[in-house]
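Below is one structure, written out as structure tokens; comments come after it.
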Amino acid sequence: MDGMREIPVHVQPRADSAYSVFIGRDIQDFWTAHLRDALSLRSVFILTDRRVEQLWGEAVTERLRREGFRVRRLSVPAGEESKTWERAREILESMLASSMDRSGGVVALGGGVVGDLAGFCASVFMRGVVCVQVPTTLVAQVDSSIGGKTAVDLPAAKNAAGAFHQPGAVYTDTIFLETLPAEEVLNGMAEVIKYGAIRDPELFERLEDHEPMAPPAQDPDWWMDLVARCAGVKCDIVGRDERDTGERMILNFGHTAGHALEICTDFQLSHGRAVAVGMCVAARLSRDLGVFSVAESDRLESLLRHWGLPTVLPAGVDPERMLDTMRMDKKRRDGKNRWVVLRGIGVADVAPDVQEEAIRAVLKEVTP
Ligand code: GLY
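Residue numbers (this note's numbering): 1473 to 1840.
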């Protein structure tokens, strides 16, 4: 198909779990046929959310039916509130009631919440069925649809119950970006900036030079390039470290404080805005640890502001509650705080034992 990119993911050392991320604009004909011909699926269970359902649910279902699939579709309320254990049970029961068996597959049509939830249900349904990701948000296209992390939240911690379950394929259609609310594009820009900060200094410069927030429909090629570039970094990293024991941790840059901030604001602050502030906290911590310069830390904050993202905590957030919440971080080992730090723009690393006093000092700095 014209202009479409295919990025392979080779999950080492498991040759059996190789798959591809296909990226293009308006690729529905391609992926519905690929599901049938390459993945040999005949029946699918589409999980989506109410917003995506309204825009795309019927069109995708019809397309699949025309390809000869038996299709069942279920939508959940949009937002993190849907990523619960109870909701997962409802979905599993609905999969069972639809007579799905192990030869069927789950299609995750939506953003990060749908992708995580669908992947989680696919990983446990009859001990595991195929899940393909059809990401509709920028966050999901550049990050969460790739790499097989699936989860539901528990009340005290985001993503606390889950499994690694690599998708059968990722079909990234950038046409979805053209109907995305501006706030959702902004959300994804935090992850895009993250890729520049941790691995791709040229991308970082490109973002500094680009006029912010021109809608994706105005310049679809620029956005497709951007998505492909970020997806390329992600595929490369997860291929080498599926289980998040080493290099993959750098993808969590900004997420330690970011996740805590989401919890402390009852998810009223969007993921992108929370990660933006989280990246400022991590950059300032890197500066205080002496591995990142003041000028570079300022440069990252300027780029976030350039794209309209916040760099300080929202009013009313208690830094001590943030510290309490961060004690649940999955990167912690033996009571030690592990943080993803920057050693330069495009160079990330994991600091194995960051003292709480250092974190407290930075949180004070970013409290307005
Ligand atoms: N979103 C971070 C990861 O997939 O590891």
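Yeah, the Cβ is synthetic: ideal placement off N, Cα and C, and Gly gets one too.
Taking C-beta atoms as the reference points, V1699 and A1729 fail to come closer than 8 Å. In the displayed model, R1544 falls within a strand according to three-state DSSP. Secondary structure within the segment 1633–1672: the beta strand (DSSP E) runs of 3 or more consecutive residues, fully enclosed, are 1641–1645 (chain order).
For T1728, there is no enclosing beta strand (DSSP E); the enclosing alpha helix (DSSP H) has its first and last residue at 1727–1736.
Taking the Cα of H1743 as reference, the smallest distance to any Cα among R1561, P1549, L1610 is reached at L1610. A straight line joining the alpha-carbon of A1531 with that of T1622 spans about 26 Å.
In terms of Cβ geometry, W1811 and A1820 do not form a close pair [threshold 8 Å].
A1594 is positioned such that its CB atom lies closer than 8 Å to that of V1601. The Cβ atoms of M1598 and R1561 do not sit closer than 8 Å to each other. The beta-bridge partner set that DSSP reports for S1515 consists of R1542.
For D1521, the pairing in a beta bridge is given by DSSP as V1548. Judged by beta-carbon spacing, L1733 lies within the 8 Å limit of L1741, meaning their Cβ atoms are closer than that value.
Close CB contacts of A1490 within its chain, under the 8 Å cut and outside five residues either way in sequence, are with P1480, V1481, H1482, V1483 (chain order). The C-alpha of R1537 lies about 12 Å from the C-alpha of I1518.
Ranked by Cα distance from G1726, the first of S1774, L1814, P1673 is L1814.
Per the DSSP secondary-structure output, P1480 pairs in a beta bridge with S1492.
In this structure, ligand 1 has no non-hydrogen atom nearer than 7 Å to the beta-carbon of N1631. In the structure shown, P1607 falls within a strand segment according to DSSP collapsed to helix, strand and coil.
DSSP places D1588 inside the alpha helix (DSSP H), whose first and last residues are 1584–1596.
Between W1694 and L1649 a beta carbon distance of about 11 Å is seen, past the 8 Å cut, so the two are scored as non-contacting. Taking 8 Å as the cut-off, the Cβ atoms of A1669 and I1817 count as close. In this structure, ligand 1 has a non-hydrogen atom nearer than 7 Å to the beta-carbon of R1720. Between L1785 and T1839 the beta-carbon gap is near 5 Å, inside 8 Å, which marks them as a contact. Residues of the same chain with a CB within less than 7 Å of the CB of G1704, apart from the 5 flanking positions on each side, are I1479 in chain order. Distances from the CB of S1616 to the heavy atoms of ligand 1 include at least one below 7 Å. Placement of the Cβ of L1589 at a distance of 7 Å or more from every heavy atom of ligand 1 is found.
With contacts defined by Cβ atoms closer than 8 Å, P1684 and W1779 form a contacting pair. In this structure D1521 does not touch I1647 by the C-beta definition: roughly 18 Å separates them, more than the 8 Å allowed.
Taking a C-beta distance under 8 Å as the contact criterion, R1759 and S1769 qualify as a contact pair. In the three-state reduction of the DSSP assignment, T1622 falls in the strand class, which pools E and B. Taking the Cα positions, Q1827 is about 35 Å away from G1583.
Contact check for L1795 against R1745 fails: the beta carbons are separated by 8 Å or more.
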